[in-house]
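Colleague:
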């Protein structure tokens, strides 16, 4: 009996510790918020009110995003899983109807498949910065009709799916952040379905200024007023002239927007005509077999 009492006492203490180690307050929008930060958690602690609207689980040990883990939070508006060890998004499960903000910054994601966020159809903001993402699908952000922010900065993207933006069904997209990736080429027509995005971030990529940079060159000139870069943690500045060439060597660090087309795609030299090709042979023939002109 004493052992049983001690065990019950320890379990109660454990539960109290788990509950009390999470802080409850309201965010700047006065939404009920619970923060369980840096506790080594691998699952959502018990005892959190199901009417919580903002759930902050940063700096823990989550290894995947399981949609079903949050299905009991029917009012969940924002989920912050930044700075965990998340490397996978589990297959679709219960729909989180009210989830609008998803923060996955600073995790270990390496790629995102198609329709991976369809369990949260009301998403407005997705933060995927500071991962290891090297691949996306054309429909990664499809079926999200309210989407306004896509942050993919500080990843390892070498290429973009050509129809990525075309398949974003939202007409409200405002921010598209590709700063600090490994992009060397912008697919032709990439922004054609969303030509007036108010905030586009393209700096700190190794853009190759060959003939293929023509589309990006035109886009920068047309949308100069919408191109930005981050300055510090919280500031942004206009930065169309900070989207720079990484090659070829004679254009290294030149602002793409300042180039003339002839700088990155010089015209081909004129090809000699057929007559010009044959004439030297005739001359050579004459030189090899000179005609003897009789003299008097």
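In mature numbering (1 follows the signal peptide of the UniProt record, and there is no 0), the protein residues as written are -22 to -1, 1 to 274. Backbone N, C-alpha and C define an ideal beta-carbon position, used for all residues, glycine too.
1. Distance check for residue 32 and residue 14, CA to CA, integer angstroms please.
2. What span of residues does the beta strand (DSSP E) with residue 225 cover, start to end?
3. State yes or no: is the C-beta of residue 40 nearer than 7 Å to some heavy atom of the ligand GDP?
4. Tell me which same chain residues have a C-beta within less than 7 Å of the C-beta of residue 51, skipping the five on either side of it?
5. Can you list, in chain order, the stretches of the beta strand (DSSP E) that have 3 or more residues and sit fully within the region 186 to 218?
6. Could you compute how far the alpha carbon of residue 277 sits from the alpha carbon of residue 236?
7. Per DSSP, residue 72 forms a beta bridge with which residues?
8. Would you be able to state if there are at least three C-beta pairs under 8 Å between the region 208 to 227 and the region 176 to 184?
9. Report yes if the C-beta distance between residue 135 and residue 111 is below 8 Å; otherwise report no.
10. Assuming the contact rule is C-beta atoms closer than 8 Å, residue 109 and residue 133 should be a hit. Round their C-beta distance to whole Å, please.
11. Across which residues does DSSP place residue 103 in a beta bridge pair?
12. Looking only at its own chain, which residues have a Cβ that is under 6 Å from the Cβ of residue 22, when we skip the five neighbours before and after it?
13. For a test of the three-state rule: what should DSSP assign to residue 53, helix, strand or coil?
14. Excluding sequence positions up to five away, which residues of its chain have a Cβ less than 6 Å from the Cβ of residue 191?
15. Determine the direct distance from the alpha carbon of residue 212 to that of residue 233, and round the result to whole angstroms.
16. Hey, residue 161 and residue 138: beta-carbon distance below 8 Å or not?
17. Taking only three categories from DSSP, how would you classify residue 93?
18. What did DSSP end up calling residue 60 once you bin it into helix, strand or coil?
19. Thinking residue 147 and residue 126 are a contact (beta carbons under 8 Å), I'd like their distance in whole angstroms, please.
20. Relative to the alpha-carbon of residue 163, which residue among 180, 154, 153 and 145 has its alpha-carbon at the smallest distance?
21. Taking Cβ positions, are residue 71 and residue 38 nearer each other than 8 Å?
22. Use the C-beta contact count for residue 75: other C-beta atoms within 10 angstroms, 16 or more gives buried, fewer gives exposed.
23. Tell me which residue opens and which closes the beta strand (DSSP E) that residue 154 is part of.
24. Three-state secondary structure (DSSP) at residue 229?
25. Enumerate in chain order the residues of its own chain whose CB-to-CB distance from residue -1 is below 7 Å, with the five nearest sequence positions on each side excluded.
26. Compare the beta carbon distance of residue 204 and residue 176 with 8 Å and say whether it is the shorter of the two.
27. Give a yes or no on whether the C-beta atoms belonging to residue 66 and residue 40 are separated by under 8 Å.
28. When the Cα atoms are used, what is the spatial distance from residue 152 to residue 56?
29. Where do the ends of the alpha helix (DSSP H) carrying residue 240 lie?
30. In or out: residue 166 buried (at least 16 other Cβ within 10 Å) or exposed?
Modeller: A quick look at the data gives this:
1. Start at 1 with the first residue of the chain shown, and residue 14 comes out as number 36. Start at 1 with the first residue of the chain shown, and residue 32 comes out as number 54. One C-alpha to the other measures close to 11 Å.
2. As a position in the chain shown, residue 225 is number 247, starting the count at 1. Its beta strand (DSSP E) spans residues 223 to 225.
3. Within the structure as shown, the ligand GDP is missing, as the structure has no ligands at all.
4. Locating residue 51 in the chain shown gives position 73, where the first residue counts as 1. 28, 30 and 33.
5. 205 to 209 and 213 to 216
6. In this structure the chain extends from -22 to 274, so residue 277 is not present and cannot be described.
7. Sequence index remark: in the chain shown, residue 72 carries index 94 (1-based). Per DSSP, none; premise fails for residue 72.
8. yes
9. Looking up residue 135 in the chain shown gives position 157. Looking up residue 111 in the chain shown gives position 133. Cβ atoms of residue 135 and residue 111: closer than 8 Å.
10. As a working mapping, residue 109 is identified with position 131 in the chain shown. As a working mapping, residue 133 is identified with position 155 in the chain shown. Right, their Cβ atoms sit about 5 Å apart.
11. If you number the chain shown from 1, residue 103 lands on position 125. Per DSSP, 79 and 127.
12. As a first step, residue 22 must be located in the chain shown, where it is residue number 44. The answer, listed in chain order, is 47.
13. One-based indexing of the chain shown puts residue 53 at position 75. Coil.
14. By one-based count along the chain shown, residue 191 stands at place 213. So the qualifying residues of the chain are 242.
15. Within the chain shown, residue 233 is the residue found at index 255, counting from 1. Within the chain shown, residue 212 is the residue found at index 234, counting from 1. C-alpha separation (whole angstroms): 24 Å.
16. Taking the chain shown and counting its residues from 1, the one referred to as residue 161 is at position 183. Taking the chain shown and counting its residues from 1, the one referred to as residue 138 is at position 160. Going by C-beta atoms, residue 161 is nearer than 8 Å to residue 138.
17. Taking the chain shown and counting its residues from 1, the one referred to as residue 93 is at position 115. Three-state DSSP puts residue 93 in coil, outside helix and strand.
18. In the chain shown, residue 60 corresponds to position 82, counting from 1. It is coil, neither helix nor strand.
19. For the purposes of this step, residue 147 is identified with residue 169 of the chain shown, where counting begins at 1. For the purposes of this step, residue 126 is identified with residue 148 of the chain shown, where counting begins at 1. Contact doesn't hold; Cβ gap of about 13 Å is too wide.
20. Start at 1 with the first residue of the chain shown, and residue 163 comes out as number 185. Measuring from the Cα of residue 163, the nearest candidate turns out to be 180.
21. Translated into positions along the chain shown, residue 71 becomes position 93. Translated into positions along the chain shown, residue 38 becomes position 60. Going by C-beta atoms, residue 71 is not nearer than 8 Å to residue 38.
22. Taking the chain shown and counting its residues from 1, the one referred to as residue 75 is at position 97. When all chains shown are included, residue 75 counts as exposed.
23. Along the chain shown, one-based indexing puts residue 154 at 176. Counting along the chain, the beta strand (DSSP E) containing residue 154 begins and ends at 153 to 155.
24. For this step, residue 229 is matched to residue 251 along the chain shown. Here residue 229 sits in helix by DSSP.
25. Along the chain shown, one-based indexing puts residue -1 at 22. Only 12, 13, 14, 23 and 26 meet the Cβ criterion.
26. Taking the chain shown and counting its residues from 1, the one referred to as residue 204 is at position 226. Taking the chain shown and counting its residues from 1, the one referred to as residue 176 is at position 198. Yes; because the gap between Cβ atoms is below 8 Å, this pair is in contact.
27. Numbered from 1 along the chain shown, position 88 holds the residue referred to as residue 66. Numbered from 1 along the chain shown, position 62 holds the residue referred to as residue 40. No, these two residues do not count as a Cβ contact at 8 Å.
28. The residue given as residue 152 occupies position 174 in the chain shown. The residue given as residue 56 occupies position 78 in the chain shown. Going by the C-alpha atoms only, they are around 19 Å apart.
29. Taking the chain shown and counting its residues from 1, the one referred to as residue 240 is at position 262. Run containing residue 240: 239 to 242, per the alpha helix (DSSP H) assignment.
30. Residue 166 sits at position 188 when you count from the first residue of the chain shown. That one is exposed.
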